[in-house]
Structure formats: C-alpha cells, structure tokens
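Residue numbers for the sequence shown, in the working numbering: 3 to 148. We treat Cβ as the ideally placed atom computed from N, Cα and C, and that holds for glycine. Remarks on the structure that follows.
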Amino acid sequence: MQRTVAGIALLLVGLAASGGVAAESDSGSHTRSVKDGVYTEAQALRGEAVYRAHCIECHGEDLRGGHMTPSMVGIGFAFRWRNRDLHDFYEGMRQTMPQSAPGGLSADVYADLVAFILARNGYPAGDATLPSEADIIRGIVIEAEF
3 MQRTVAGIAL LLVGLAASGG VAAESDSGSH TRSVKDGVYT EAQALRGEAV YRAHCIECHG
63 EDLRGGHMTP SMVGIGFAFR WRNRDLHDFY EGMRQTMPQS APGGLSADVY ADLVAFILAR
123 NGYPAGDATL PSEADIIRGI VIEAEF
C-alpha cells in the first residue's frame with residue numbers, strides 16, 4: 003500500500019513538473035503575484051507566533067506536516083497551490099483551521115499566518131501588510147516552481 007501511494011505521488015509530481023497537471027484558479031486573471039512582496043516582515047513574525055501557538059502541533063516545526071496534515075512549504079505546498087488564488091488559500095485556512103476551532107481566529111490573524119507561510123516558502127516581503135479583505139487579496143496568484 004505504501005509503495006502504491008508513493009508511486010502515485012511521484013507520478014503526480016512528474017506530471018506537474020512536465021506541465022501535465024496545473025491547478026486552475028477560480029478567479030480568472032491575476033494582476034499580482036506573491037512574488038511581488040504582498041506582506042511585511044513584521045506581519046510574518048506575528049504569523050510565526052500564531053503558528054507556534056495554534057499550528058505547530060499538527061504541521062510541525064518545519065511546516066512539513068505529517069501523515070494526515072499537509073505540508074505548508076516546499077513541493078507539497080507548491081503542488082497543491084501553484085497558480086491558484088491567494089484568497090483560496092487564505093479562505094481554506096480560515097474555514098478549516100485550527101482543527102479544534104475552525105474560523106476561531108480573527109481575520110487579521112489568518113492574514114498573518116498566510117504571511118508567515120509565504121515567508122517560509124521564500125516569497126519576498128514588501129512594504130504593505132497583507133490585508134484580510136477578500137476583495138483585496140483575490141487576484142493575487144501563488145506562483146510556484148518545482
């Protein structure tokens with residue numbers, strides 16, 4: 003069973019790398035990218051503190067998750083969120099996390115968590131704080147390379 007799951011995962015990664023699989027965004031055209039510096043360093047630091055308080059138990063110190071939790075960094079994050087709208091990531095997190103109290107944090111705290119995850123994925127910080135308003139973050143594409 004483990005060999006089958008590993009084989010399927012390798013196949014999907016190979017297809018994604020060759021362009022055979024690409025996540026589509028629900029929002030149409032994008033005018034901004036996470037590579038444009040859509041959060042501040044201070045916001046990412048706030049997000050790290052929140053991550054340590056609410057997320058580390060399941061997603062781990064290195065954000066790589068485990069058997070039942072997805073990775074928030076690296077190929078796991080890139081494969082799942084590549085070319086998707088940042089709002090989709092934010093909203094998915096807000097609706098499902100933390101597992102013990104989905105939606106239990108403030109909108110700004112979820113934006114801080116997104117900033118931390120972007121920072122840990124190597125996306126640059128900018129001059130403006132990532133807002134929590136859907137209309138503002140909708141249209142920011144998560145660009146990722148494998």
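- At least 8 Å separates the beta-carbon of ILE144 from that of LEU107.
- Taken in chain order, the unbroken stretches of alpha helix (DSSP H) that lie wholly in the stretch 98-144 and span 4 residues or more are 109-122, 136-139.
- Relative to the Cα of ILE77, the nearest Cα in the group GLY141, ASN123, ASP137, SER102 belongs to ASN123.
- Listed in chain order, the non-local C-beta contacts of SER35 below 6 Å within the same chain comprise VAL143, GLU145, local neighbours out to five positions each way being set aside.
- Nearest C-alpha to VAL116 among GLY105, ALA130, SER134: SER134.
- Boundaries for VAL75: no alpha helix (DSSP H) harbours it, and the DSSP string shows neither H nor E there.
- Cβ neighbours of PRO126 within its own chain (closer than 6 Å, five residues either side excluded): GLY39.
- Of GLN97, TRP83, SER102, ARG140, the smallest CA-CA separation from ILE119 is found for TRP83.
- The C-beta of GLN45 has 16 or more other C-beta atoms within 10 Å across all chains shown, which makes the residue buried.
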